[in-house]
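S.K.: In this note's numbering, the protein residues as written are 1032 to 1166. Positions of the beta carbon are idealized from the N, C-alpha and C atoms, including for glycine. Below are the structure tokens for one structure; questions will follow.
Right, dumping it as structure tokens:
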């Protein structure tokens, strides 16, 4: 693993408190990302599952949670073979709502890992776009 980092931002017409709910509440995570078994809470492990068959999609630990401002996860998926990466979420007030930024770091480097980095990049792009349909 290295310092390869995916960075994404999305502007949402919702207050930080509502965006935070979509990052942390089990019943809302599945609306834009993957369903969770329970709310994401600092210091606790999480598992996000497939909407189709309930299989484990990604998992890790919520390392830090500063409600409505910042969340940090250790994060892995099957193709990482148990190697943990880091996903950080940054929430900032904007004139019309919230800017949500993601930094996914510790990703594989080199040609062997590039396909996975591209897949994760495409995935994050789509998942963040789903947040525009918050309701």
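If you reduce the DSSP assignment to three classes, tell me which class residue 1127 lands in.
M.R.: Indexing the chain shown from 1 puts residue 1127 at position 96. Three-state DSSP puts residue 1127 in coil, outside helix and strand.
S.K.: Figure out for me which residue from 1136, 1071, 1141, 1094 has the closest Cα to the Cα of residue 1039.
M.R.: Walking along the chain shown from the start, residue 1039 turns up at place 8. Ranking the options by Cα distance to residue 1039, first place goes to 1136.
S.K.: Closest to residue 1074 by C-alpha separation, out of 1121, 1140, 1105, would be which residue?
M.R.: Residue mapping note: residue 1074 aligns to position 43 of the chain shown, counting from 1. Measuring C-alpha to C-alpha distances from residue 1074 to each of 1121, 1140, 1105 identifies 1105 as the nearest.
S.K.: Among residues of its own chain, excluding the 5 on either side of residue 1127, which ones have a beta-carbon nearer than 7 angstroms to its beta-carbon?
M.R.: Here residue 1127 corresponds to residue number 96 of the chain shown, with the count starting at 1. Hits under 7 angstroms: 1044.
S.K.: Could you name each continuous beta strand (DSSP E) segment of 3 residues or more that falls completely within the stretch 1060 to 1115, going from the start of the chain to the end?
M.R.: 1076 to 1080, 1087 to 1097, 1101 to 1108
S.K.: Over the uninterrupted beta strand (DSSP E) stretch that includes residue 1039, give me the two end residues.
M.R.: As a working mapping, residue 1039 is identified with position 8 in the chain shown. Counting along the chain, the beta strand (DSSP E) containing residue 1039 begins and ends at 1035 to 1043.
S.K.: Would you call the stretch 1133 to 1147 in contact with the stretch 1107 to 1120, where contact means no fewer than 3 C-beta pairs closer than 8 angstroms?
M.R.: yes
S.K.: Among residues of its own chain, excluding the 5 on either side of residue 1115, which ones have a beta-carbon nearer than 8 angstroms to its beta-carbon?
M.R.: Here residue 1115 corresponds to residue number 84 of the chain shown, with the count starting at 1. Answer for residue 1115: 1091, 1105, 1106, 1107, 1137, listed in chain order.
S.K.: Taking the alpha helix (DSSP H) that residue 1140 falls in, what are its first and last residues?
M.R.: What you label residue 1140 is simply residue 109 of the chain shown in a count that begins at 1. Looking at the DSSP string, residue 1140 is not in any alpha helix (DSSP H), and its letter there is neither H nor E.
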